[in-house]
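**Q** First residue of the sequence shown: 316, per this note's numbering; consecutive thereafter.
Each residue gets a CB set at the ideal place from its N, CA and C atoms; glycine is no exception.
Please read these numbers as outputs of a predicted model, since none were measured by experiment.
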Amino acid sequence: MDDLKRKLAECKNARNKLIVSDAVFSMDGDILNLPDFLEAAKEFGALSMVDEAHSTGVCGRTGHGVCELFESAGKPDILMGTLSKALGAEGGFACVNSFIADYLRNHSRAFIFSTSPTPADAAAADAALSVLEAEPERASNVKLRAEFFAKELQRQGVEAKYSGTAIVPIVLGDERLAMSVSEELLNQYIYAPAIRYPTVARGEARLRISVMATHTEAELSRAAALIKKTISG
Ligand SMILES: *Cc1c(COP(=O)(O)O)cnc(C)c1O
Numbered sequence: 316m317d318d319l320k321r322k323l324a325e326c327k328n329a330r331n332k333l334i335v336s337d338a339v340f341s342m343d344g345d346i347l348n349l350p351d352f353l354e355a356a357k358e359f360g361a362l363s364m365v366d367e368a369h370s371t372g373v374c375g376r377t378g379h380g381v382c383e384l385f386e387s388a389g390k391p392d393i394l395m396g397t398l399s400k401a402l403g404a405e406g407g408f409a410c411v412n413s414f415i416a417d418y419l420r421n422h423s424r425a426f427i428f429s430t431s432p433t434p435a436d437a438a439a440a441d442a443a444l445s446v447l448e449a450e451p452e453r454a455s456n457v458k459l460r461a462e463f464f465a466k467e468l469q470r471q472g473v474e475a476k477y478s479g480t481a482i483v484p485i486v487l488g489d490e491r492l493a494m495s496v497s498e499e500l501l502n503q504y505i506y507a508p509a510i511r512y513p514t515v516a517r518g519e520a521r522l523r524i525s526v527m528a529t530h531t532e533a534e535l536s537r538a539a540a541l542i543k544k545t546i547s548g
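1) What ranges does the beta strand (DSSP E) occupy inside the segment 361 to 398, keeping only unbroken runs of at least 3 residues that lie completely in it?
2) Contact check, V339 vs S370 under 8 Å by CB: the rounded distance?
3) Leaving out the 5 sequence neighbours to the left and right, which residues in its chain are closer than 6 Å to G389 when beta-carbon positions are compared?
4) Answer with buried or exposed for C326, where buried requires no fewer than 16 other C-beta atoms within 10 angstroms of its C-beta.
5) Span of the beta strand (DSSP E) holding I524?
6) Report back the beta-carbon spacing between M527 and V457 to the nearest angstrom; my notes put them in contact at under 8 Å.
7) Can the beta-carbon of L384 be found less than 8 Å from the beta-carbon of A355?
8) According to DSSP, is S413 helix, strand or coil?
9) For I524, count the other beta carbons within 10 Å of its own beta carbon; 16 or more makes it buried, fewer makes it exposed. Which is it?
10) Examine ligand 1 and report whether any of its heavy atoms sits within less than 7 Å of the Cβ of A439.
11) Quick check on F408: does DSSP put it in helix, strand or coil?
12) Which partner residues does G488 have in the DSSP bridge list?
13) Over the uninterrupted beta strand (DSSP E) stretch that includes I546, give me the two end residues.
14) Reducing DSSP to helix, strand and coil, say where V515 ends up.
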């Protein structure tokens, strides 16, 4: 936040300013400090934009994202997200005022001349949103399961922490180790993708595990034990 404010101060006199952030950062699962982010935008007269790719369906009591999590913080000028993660469909959305909507329709290169989502995709996203509305316990379950999984890893002696989201990173450091552990786990039917440089900094290679609301505690305990065993070689 300090760095953001320093940079905003540097371009204090610019006419158009836009600050952009992930709502949930995908490598550690850490959550944007939305109140401070919006406060900085206001202080420096910048537009704000938040990408909810990893928070839709997860953050907030009923999975409505970071604006639900930080209820009193207000909303960014551009709230965008994808339908392809928690919602299991395809495509994306931008929640904006009508002025910005017109601007995007007429200037967004990704939008102009591209095919609209198929009716099946739109229906799938619509159905997923209905599930989210009807079964908000899914959003709390995914966080409870992620917390349980992080604790199970700790119990096994694997360094992991609960981020408040579905993402549980296990930082191994060494890139080759991360790759080989990931491959061995896949052989045991555990999908724990290895993330390496340049996606993360050198020396911070990791397994990035995404927990689902439908994982059982037995599955997560078993996975934690297998992960420990595989890392220890
Ligand atoms: C996944 C993701 C998207 C969008 O993904 P699509 O598959 O193109 O819908 C956008 N932003 C972030 C940060 C993401 O992680």
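**A** Straight from the coordinates:
1) Segments of the beta strand (DSSP E) lying fully in the segment 361 to 398: 362 to 366, 393 to 397.
2) At roughly 5 Å, the Cβ-Cβ gap stays under 8 Å, so V339 and S370 are in contact.
3) Contacts found: L353.
4) Exposed: under 16 other Cβ atoms inside 10 Å.
5) Per DSSP, the unbroken beta strand (DSSP E) holding I524 starts and ends at 520 to 525.
6) The Cβ separation is near 6 Å, so the contact holds.
7) No, they are not a contact pair.
8) Three-state result, S413: helix.
9) The residue is buried, with at least 16 neighbouring Cβ atoms inside 10 Å.
10) Incorrect: A439 has no Cβ contact closer than 7 Å to ligand 1.
11) In the structure shown, F408 sits in a strand (DSSP, three-state: E or B).
12) In DSSP, G488 forms a bridge with A520.
13) It is not in any beta strand (DSSP E) - I546 instead sits in the alpha helix (DSSP H) that spans 532 to 547.
14) Coil at V515, not helix or strand.
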